[in-house]
Structures are given as structure tokens and as C-alpha cells.
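Here's the structure we're looking at; comments come further down.
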Amino acid sequence: MNPQAKLIFALSLTLGTTLTISSNHWIMAWTGLEINTLAILPLISKSHHPRAIEAATKYFLVQAAASALVLFSSMTNAWHTGQWDITQLSHPTSCLILTVALAMKLGLVPFHFWFPEVLQGSSLIVGLLLSTLMKFPPITLLYLTSPSLKPSVLMTMAILSAALGGWMGLNQTQTRKILAFSSISHLGWMAIIVAYSPKLALLNFYLYTLMTAAVFLSLNSIKALKLSTLMTTWTKAPSLNAILLLTLLSLAGLPPLTGFLPKWLIIQELTKQEVALAATIIALLSLLGLFFYLRLAYCATITLPPHTTNHMKQWYNNKPTNTMVAVLTTMSLMLLPISPIILAVV
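Structure representation (C-alpha cells):
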């Protein structure tokens, strides 16, 4: 792709995201979401592979429907209350429609079907953008409207997302699909807490972005799209594979790694809000996620491929690890001890 075109799309993504997260008016937020959608479509379909075109088409249709629902929800609210302010969403029907629209934008269950397919049709870098940057505007809208949304609806969606994200990721062999179901599962954790502590949901999103970026960039640097490829990368970048093991365990939420912090705080907050049953269910469902992260980690670091196959060995290369990967993986592993500072800032 032309570098000038790439620059235009990158600037459009930045503009769309900034416009949505900084606006008070529904129309401006909707405009930002539309700019974002239009800017990412050429990046998804740039390989001209039929699967990439299919992914771009699915993404466009789902996001267009979700944007229309956002607009419909805000217009219904303005019709009944005369308010276009994002934080003044008070009409019950508008709140319900907006919950559905944001669930479609984010890929929460039962509106999750598009997300694994779109991620599978994209490259790893575009997959990273779809899993992190493209989720930021809808998460911000969820944060701003959280006092108006029904906790029971969000909790149901959250538990279903954690269950299906874990369950459907179990027998996947494609790394992008596994990360897509991981994203759905993590969104469940954000959705369950947003009605009780919106700041905690945002903190969870930031830490999820950090860890997912580390995993995506690590996989991109060793060009691993399938589990079978991941088994043969040990000879190519041993240190990166060893760090990838720890980053995946952090994403699973094991102490003493960074990923344990949001899960710990969310379970603590849910218990304080007297919804200990929901906290117990979602904590147990995270074990499903742990299984497929362990499977990825096992393939990356512990399994050696059989020597009878005729594939070419990927020999050790002397290239230094990308600085961005090094910084992100370090943060993905070591932020738990400074959690009091993080909580003070948040």
C-alpha cells in the first residue's frame, strides 16, 4: 500500500477516535465512529485476498448497523427529553437500543459472530488495531453512559461473553481466532463492572490493550498464524518465545503478572456490591480462557515438532527484538507491584 495512503488512514483513525472520546454531543460521537469505520476498511482489505474482502464486507455491514442504532437511540432520547448530551441519556428505550449498539460495536455476546471472522481475514497488525484502538471509542461511550444503562442486561451479556469467549476458543488452531475469542472474554470482564465502577472498566481496557499488543506484535515478529507454525518458531527466536509464554499467562490473569490486577480488583468490587454470585461465575469461566492460553504457551515453548516432517526449519536469526515488543512485554509482566500507584492515578 502507498505510504501516503497509509498515513491518511492512520490520521483518519486518530481523528475518528479523538472526535468520539472528546465529544459531548451524540452527532459528533457518531461522526467519529463513522470516520473510524471508513478508515479501517481499506486496511482490512488491502491484501485483495477473497477472505480479506469478505472480512471487510462483514465489518462494514455490522459497524454500519451499529452506528445506525447509535443514531436512532440518541434521536429517540432527544425526541423525548430534548437532550443531545451523551451523559443525559435517560429514556429507557434509548438506553436499551444503545446497549445493543455498543455490544455490536464491541463484539459482546450475542453480537459477537462477526469479530473472529473479521480478525481471521485481517493481518496481525490490522487485527491488533481491531482488538484495541477500534474498541476504544465504544468503550468510552459505555463509560460515559454507564449510569443510565441497566446493570442486569450488562451482567447477562458479560457472563455470556466470558463463557462463549472461553468455550469457543478451546479447539481453535488459528492464533488470530484464539485472540479474537480472548478479546470477547475480556470484554465480558469490562461489561460486568462498568455499571458499578466505570473507572475500573477503563483500567481493565488499558491493561488488556497493553497485553494484547505485546502478544500480537510478538506473533507478528515470528510470523505465527497457526499453532503448527508456532511449534516451529522456538529455533527462530528462543528469547521472544520464552517471553511470549509469560505474556500469555499474564493475559490469562495469573498472579504475580500484570493481568491479575484487573481481575482481582473487579472480583473485589463485585463482592462489595453484593453480586458475589456473578463474581464467582465469571472467575470460574476465566479458567476456560486459561486453558487455551496454556495451550498457546505450550505450543510456543514446550512442544518440539516431530523430526519426521519435511518442513523447512526456521533457524535462529540474529535480528534484535523490536523495542516496542520489549517495552510492552515488560509492562505486561511487571506492573502488579506498582498497583497502588496505578490506582492512585486512575
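Position 154 of the sequence shown, counted from 1, bears residue number 154 in UniProt numbering, the numbering being contiguous throughout. Don't be surprised by glycine CBs; every beta carbon is placed ideally from N, CA and C.
Q) DSSP on residue 379, reduced to helix/strand/coil? A) Given that the chain is displayed from residue 1 to residue 346, the structure contains no residue 379 and the question cannot be resolved.
Residues of its chain near THR93, where Cβ-Cβ distance is below 7 angstroms and the 5 sequence neighbours each way are ignored: THR76
- Query: To the nearest whole angstrom, what separates the beta carbons of ALA192 and ALA163, a pair I think is in contact under 8 angstroms?
  - Reply: First, the amino acid is wrong: residue 192 is Ile here, not Ala. ILE192 to ALA163, Cβ: 12 angstroms. No contact.
request  = Decide yes or no for the touch test of the stretch 55–73 against the stretch 100–120: beta carbon pairs closer than 8 angstroms, at least 3 of them.
outcome  = yes
Exercise. Does the ligand HEM have a heavy atom nearer than 8 angstroms to the CB of PRO110?
Worked result: Looking at this structure, you won't find the ligand HEM or any other ligand, since it has none at all.
Report task. Would you mind giving the Cβ-Cβ distance between LEU71 and TRP30, rounded to the nearest angstrom? I have them listed as a contact below 8 angstroms. Result -> 5 angstroms
Could you give the residue range of the alpha helix (DSSP H) that holds TYR59? 50–81
Handout entry: Contact belief for ILE266 with LEU129 at Cβ below 8 angstroms, rounded distance in angstroms
Key = Contact doesn't hold; Cβ gap of about 26 angstroms is too wide.
**Asked** What three-state label does DSSP hand TRP236 in the structure shown?
**Response** Per the sequence shown, residue 236 should be read as Lys rather than Trp. In this structure, LYS236 counts as coil in the three-state DSSP scheme.
Quiz item: Can you give the Cα-Cα distance for SER152 and PRO110, rounded to whole angstroms?
Solution: Taken atom to atom, the span from the alpha-carbon of SER152 to that of PRO110 is near 15 angstroms.
### Query
Can you tell me whether SER286 is buried or exposed, with buried defined as 16 or more other CB within 10 angstroms of its CB?
buried
Notebook entry, point to check: If GLY107 and GLY289 are in contact, beta carbons under 8 angstroms, what's the gap, nearest whole angstrom?
Noted result: Wrong, their Cβ atoms sit about 15 angstroms apart, outside the cutoff.
Practice prompt. State the CB to CB distance for the pair ILE282 and GLY188, rounded to an integer number of angstroms; the pair is presumed to be in contact (CB under 8 angstroms).
Written response: Confirmed, Cβ separation roughly 7 angstroms.
Limits of the unbroken alpha helix (DSSP H) element including CYS299: From DSSP, CYS299 is part of no alpha helix (DSSP H); its letter is neither H nor E.
Problem set entry | Classification of THR308 by the beta-carbon crowding that lies within 10 angstroms, buried from 16 upward | Because THR308 carries a pLDDT of 48, less than 50, the predicted location of this residue cannot be relied on, and no value is offered for it.
### Task
Taking SER131 as the reference, give the member of LEU207, ILE302 and LEU261 with the closest Cα.
LEU207
- Query: Is the beta carbon of LYS135 less than 9 angstroms from the beta carbon of PHE205?
  - Reply: The Cβ-Cβ distance between LYS135 and PHE205 falls below 9 angstroms.
Q | Residues that HIS112 bridges to, as DSSP identifies them | A | DSSP, once it has assigned bridges, lists no residue as partnering HIS112.
- Query: Roughly how many whole angstroms lie between the Cα atoms of SER182 and LEU249?
  - Reply: 12 angstroms
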